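Everything on this sheet refers to the single structure shown next.
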Amino acid sequence: MGLISYLLVLFLHLTPVFCQVKEFVSIDCGATSNYTDSSTGLEWISDTGLIRHGKVVEVESPNRDSLQYLRRRDFPADSKKYCYTLKTTKRKRYLVRATFQYGNSGTGDPYPKFQLYLDATMWSTITIFDASRVYVEEMIIKAPSNSIDVCLSCASTGSPFISTLELRPLSLSMYATDYEDDFFLKVAARVNFGAPSKDAVRYPDDPYDRIWNSDLEKRQNYLVGVAPGTERISTYKNIDTGTREYPPVKVMQTAVVGTRGTLSYRLNLDGFPANARAYAYLAEIEDLGRNETRKFTMEKPHVPGYSNVVVNIAENANGSYTLYEPSYMNVSLDFVLSFSFVKTQDSTHGPLLNAIEICKYVQIIPKTDNIDATVLDVISSMSPGSDWTHEEGDPCIPANWEWVTCSSSKPPRITKIALSGKHLKGNIPSEIKHLEGLTELWLDCNSLTGPIPDLSNLISLTIVHLENNRLTGPLPSYLGDLPSLRELYVQNNSLSGEIPPALLTRKLVFNYDGNPELVQRGQHNKNFKLILGASIGAFAIFVLMLAGSSILLCNCRRPPSQQKCSEKSNSLHIISKPSTAYSLVRPGSLIDDGLDVAYHITFSELEEATQNFSKQIGRGSFGPVYYGKMKDGKEVAVKILAEASSHGTHQFVNEVSLLSRIHHKNLVPLVGYCEEASQRILVYEYMHNGTLRDHIHDSVNQKHMDWLARLSIAEDAAKGLEYLHSGCNPSIIHRDVKTSNILLDINMRAKVSDFGLSRQTDENFTHVSSAACGTVGYLDPEYYGNQQLTEKSDVYSFGVVLLELISGRKPFSVQDYGPEWNIIHWARSLIHKGDVTRIVDPSLGGEFKLESLWRIAEVAILSVEPHGVSRPKMQEVVLAIQESINTEKGTKKRSYPVSSDSSTLQYSSHPINIESFDLSTRCLNPSAR
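Numbering (mature numbering (1 follows the signal peptide of the UniProt record, and there is no 0)), first residue to last: -19 to -1, 1 to 910.
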């Protein structure tokens, strides 16, 4: 009976494990067919049919016995993301694992570096240094929904690739934390001590298929610093592991012991400093005598409170050969973890350690707003079978879908839908009214029918393109009341009724050609007899031409709306029927009449506003700038073109045409322009606090800015540039980003100015060929060398601006930097040494959080990488600045020593306790469990 009872208990214990295995998902990325792994019995499936992109690459791999590493799947090295979708059960815990083995593909390409995301959360940066190594990334999650996306994106070098993707369900009790609704757990270390070989322990020895790395395998985490007298022990006896985390028995059957009273190790933790969940797994596997004891404490340098718990394994675990799991659920760990187990004075045996597991808390980044995502699904259903409807992952993060633009808010909101000529059919979905952040709607050149729906609550809507469709019904009156609307195109539809008067009287680009039944108020019965006579004549002509029309019919099968869409649509649409009702352009202007540019201001009005140009407030490359005040009380800055050359005129035309169609709170708005005789004048909103350069470098006019104020200015300017790169169609490259072109308003909010050198991109090309223009010290060396302009050129210049904000120093100076001569080489050398405080502006007085400073220093140095492909996008720069601001606004800041003399600056090498996320409200001190 005893044997039967034992087998029954064993069966009941293993039954859940069998169920777990059935739920395992094992994807061989690049496999040509499904197969069963003979060594584990696990079923592997090919990713063919699971993802639409990428190519399979055969690799030369040392792991020829592992079928999973004979091939890999490579993805294009572009700005898109490529995602696998895994089905989950909401609120169930899983281990998600991705592995990467590059192998030797024989191409000679540089080793890849790219980013891995889980949903919208940054999981890891994959950097390949060793082609033969299998890189493993594991994340433990409580599933936020019924599916998760694992995405590869943002290649810095080479092509993103993946070897395997695995999903392993966990039991109910495992890895539960108080923070799991807000944080994932990224596995940083899982070490099996006393292992008999370098081989890792996993399934079937671990029913949950966790990977327990041997402490003999030095490559994984560089486990070093072993104390003298450390010995390895093992047992064949069963270990009772039926507690919370269920480590495998095979792992618990081995251990290390400190025969001289101490166990000590040093372990590198990638991605740290950070908050972590740390577990020790202990079981007494030596048969101690009646009077023998094993008691020890844990000691860790520089961190108080670690040695206040005495571990007596047999007593804590209620017996030998039983698992005990002391843990710290929230502890701040440094990049290098140094720890020691030291026996107590009354202990007869030295400390023992079977295994450890450390997981980093990774804050969950919210996906795109659920309402917005639902609306996008509805829109996608209007063009079944089109390639653009099959984009993977979250619409916005880590890279937005090609046909949407997103805000940088959390969660992101959709700000632009660009579906010109995408074969949409049916009515415009009424659900669009829920896209509260929408600023641009491009639905032109499709086959849309029915009326224009109610969009009256979209108060941020600035541009609407509905032309060249088959829309019917009236033009809604609410369109005239949308406060931000600047461009409305509805031409070539079948709209009818009266045009709302507000659309004809306000400053607005409005094109309604090609809607015969759409009329202005009072025109319904006008010239009725003339219309009747013309109709009779037209009928006679129609009868005569009926035969000829049948010949033309075969060449005109497409509806007029589609014929008109053969020309590429963009944001500079030409108004085919100018009239004073909706065009403000003067005849004879240098500015293209089709662009409906900013308001024209007469020279006499500007003379009056500036009191005959009596108060000069600055001078730039364009010419002198004067202060003015218009009749309505609006304060303005009046910039006069001093150079009467073709180059100066080109800058004038360029700036007027660009600023007339781009509108953002972090771009200096163009109030109007003057173009009379030889005068070329631009009129801007007046910025009361001048340029950022004045505040950083002008000792006379300098106003002290603390670190948080500098971060806010950096965020504003970055958002302005992000809008130019991502929010405009086509995108715009500023080409002259510098501190003197970042202006500050009365509230010290920053706005980017001076668009005379700006260029539009062409979506058909990766760069714009252009003679290098810009300012010394800010000019992208790659752009200067190859004459190929990209958005990353602006990123480079903005990286210099960030270094100026940190240091308070000018971008280049032989006096300040000696032979290095510029701020980049000087700052890079110090930051790479870890001496970030050596570059800090002394006027900050050390009042900042060091982790906040590090975040900005890191993104600044990345932004000034010599090659554009290694630089972040402006969207990533914005996110980094926002992270730094959140850190700075968090817990009380420490004061760090700085000095006005860089040679006497003090730098502390003491480990820094960085809390990446504020968990202090729920767990002030590490506590053992």
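All residues carry an ideal CB built from backbone N, CA and C; glycine is no exception. Just so we're clear, the structure is a prediction, and the values are computed from it rather than from any experiment.
Q. In the structure shown, what three-state DSSP assignment does ALA841 receive?
A. ALA841 sits in a helix when the DSSP states are folded into three classes.
Q) Unbroken beta strand (DSSP E) runs of length 3 or more, entirely within the region 659 to 732: which are they? A) DSSP runs (the beta strand (DSSP E)) wholly in the region 659 to 732: 660 to 666 and 723 to 725.
Q) Roughly how many angstroms lie between the CA atoms of residue 913 and GLN592, to the nearest whole one? A) Outside the modelled stretch of the chain, which goes from -19 to 910, sits residue 913, for which no answer is possible.
Q.
Give the list of continuous beta strand (DSSP E) stretches no shorter than 3 residues that lie fully inside the region 193 to 281.
A. Qualifying beta strand (DSSP E) stretches, in chain order: 211 to 215, 235 to 239, 243 to 249, 255 to 262 and 276 to 280.
Q. Taking DSSP as the reference, what is the three-state secondary structure of HIS415?
A. HIS415 falls in the helix class under three-state DSSP.
Q | Straight-line Cα distance separating ALA58 from PHE779 | A | Computed Cα separation, rounded: 24 angstroms.
Q) Can you check whether the CB of LEU784 is closer than 8 angstroms to the CB of ILE804? A) With respect to the 8 angstroms criterion, ILE804 and LEU784 are classified as neighbours on the basis of their beta carbons.
Q: Out of PHE594, ILE621 and GLY815, state which residue places its alpha-carbon closest to the alpha-carbon of GLY609.
A: When only C-alpha atoms are compared, the closest one is PHE594.
Q | Buried or exposed (CB count within 10 angstroms, at least 16 for buried), TRP423 | A | Counting C-beta atoms within 10 angstroms of its own C-beta, TRP423 has 16 or more neighbours from the protein chains shown and is therefore classed as buried.
(Q) Starting from ALA170, trace the beta strand (DSSP E) in both directions and tell me its first and last residue. (A) Counting along the chain, the beta strand (DSSP E) containing ALA170 begins and ends at 164 to 173.
(Q) Tell me the rounded alpha-carbon separation between LEU269 and THR216. (A) Take the alpha-carbon of LEU269 and the one of THR216: they are about 13 angstroms apart.
Q. Under a Cβ-count criterion, where at least 16 other Cβ atoms within 10 Å of its own Cβ denotes burial, should GLN741 be classed as buried or exposed?
A. The residue is buried, with at least 16 neighbouring Cβ atoms inside 10 Å.
Q: Per DSSP, which residues does VAL317 bridge with? Please list them.
A: Answer by DSSP bridge pairing, in chain order: ASN249.
Q. By a C-beta neighbour count over all protein chains shown, 10 Å radius and 16 as the cutoff for buried, is THR583 buried or exposed?
A. Exposed, because fewer than 16 other Cβ atoms sit within 10 Å of the Cβ of THR583.
Q: May I ask you to list the residues that DSSP assigns as paired with MET103?
A: Beta-bridge annotation (DSSP): MET103 is paired with TYR98.
Q) Taking just the CA atoms, how far does LYS615 sit from LEU452? A) Rounded to the nearest whole angstrom, the CA to CA distance from LEU452 to LYS615 is 41 angstroms.
Q: Please list, in chain order, all residues of the same chain as ASN496 whose beta carbon is under 8 angstroms from its beta carbon, the five residues on each side excluded.
A: For ASN496, where only same-chain residues beyond five positions count, the Cβ hits under 8 angstroms are VAL471, GLN472, ASN473, ASN474, SER475, LEU476 and SER477.
Q: Check the DSSP bridge columns for CYS655 and list the partner residues they point to.
A: Note: CYS655 is bridge-paired with ILE662 in the DSSP secondary-structure output.
Q. Quick check: the region 431 to 442 against the region 477 to 494, are there 3 or more CB pairs under 8 angstroms?
A. Judged by Cβ distances under 8 angstroms, the region 431 to 442 makes no contact with the region 477 to 494, as fewer than three pairs qualify.
Q: Measure the beta-carbon distance from THR443 to CYS387 and round it to whole angstroms, keeping in mind my assumption that it falls under 8 angstroms.
A: Distance from THR443 to CYS387 at the Cβ level is roughly 16 angstroms; contact not present, criterion being Cβ atoms closer than 8 angstroms.
Q: Using three-state DSSP, classify ASN408 as helix, strand or coil.
A: Three-state DSSP puts ASN408 in a strand.
Q | Proximal residues to ALA618 (C-beta, below 6 angstroms), its chain only, five neighbours per side dropped | A | If you ignore the 5 residues before and after ALA618, its C-beta comes within less than 6 angstroms of the C-beta of VAL606, TYR665 and TYR667, all in its own chain and listed in chain order.
Q | From THR70, PRO93 and LEU97, residue whose alpha carbon lies closest to that of ALA79 | A | Shortest Cα-Cα distance from ALA79 to any of THR70, PRO93 and LEU97 involves LEU97.
Q: Out of THR17, PRO150, SER19 and CYS10, point me to the one whose CA is closest to PHE81's CA.
A: The residue with the shortest Cα to Cα distance from PHE81 is CYS10.
Q. CB-CB under 8 angstroms to TYR459, same chain, minus the five flanking residues each way: which ones, in chain order?
A. Within the same chain, TYR459 has close Cβ partners ASP435, LEU436 and SER437.
Q) Within the chosen definition, does the region 61 to 72 reach the region 387 to 398 through at least 3 CB pairs nearer than 8 angstroms? A) For the pair of segments examined, the region 61 to 72 was found not to touch the region 387 to 398: the number of CB pairs separated by less than 8 angstroms stays below three.
Q.
Are the CB atoms of ASP726 and ASN635 within a distance shorter than 8 angstroms?
A. No, the pair does not count as a contact, with Cβ atoms beyond the cut-off.
Q | Where the alpha helix (DSSP H) through ASN492 begins and ends | A | No alpha helix (DSSP H) contains ASN492, which is instead part of the beta strand (DSSP E) from 490 to 492.
Q.
On the DSSP bridge list, what partners appear for LYS596?
A. In DSSP, LYS596 forms no bridge with anything.
Q) Does the separation of the CB atoms of LEU197 and LEU263 fall below 8 angstroms? A) Contact flag unset, no.
**Q.** Expected contact under 8 angstroms - CB spacing of ASP775 and VAL718 to nearest Å
**A.** Between ASP775 and VAL718, the beta carbon gap of about 5 angstroms places them in contact (Cβ cut-off 8 angstroms).
Q) According to the neighbour-count rule (16 or more other Cβ atoms, all chains shown, within 10 Å of its Cβ), is THR672 buried or exposed? A) Classification of THR672: buried, given that the 10 Å Cβ count is 16 or more.
Q: Buried or exposed for PHE110, please, with buried defined as at least 16 other CB atoms from any protein chain shown within 10 angstroms of its CB.
A: So PHE110 counts as exposed.
**Q.** Inter-residue spacing [alpha-carbon to alpha-carbon] between GLY737 and ILE122
**A.** Taking the straight line joining both Cα atoms gives about 50 angstroms.
Q: Compare the beta carbon distance of GLY239 and THR274 with 8 angstroms and say whether it is the shorter of the two.
A: Result no, Cβ atoms of GLY239 and THR274 do not sit closer than 8 angstroms.
**Q.** 7 angstroms Cβ shell around VAL291 - same chain, five flanking residues per side excluded
**A.** Short of 7 angstroms from the beta carbon of VAL291, and not among the five residues preceding or following it, lie these beta carbons of its own chain, in chain order: LYS276, THR278 and THR325.
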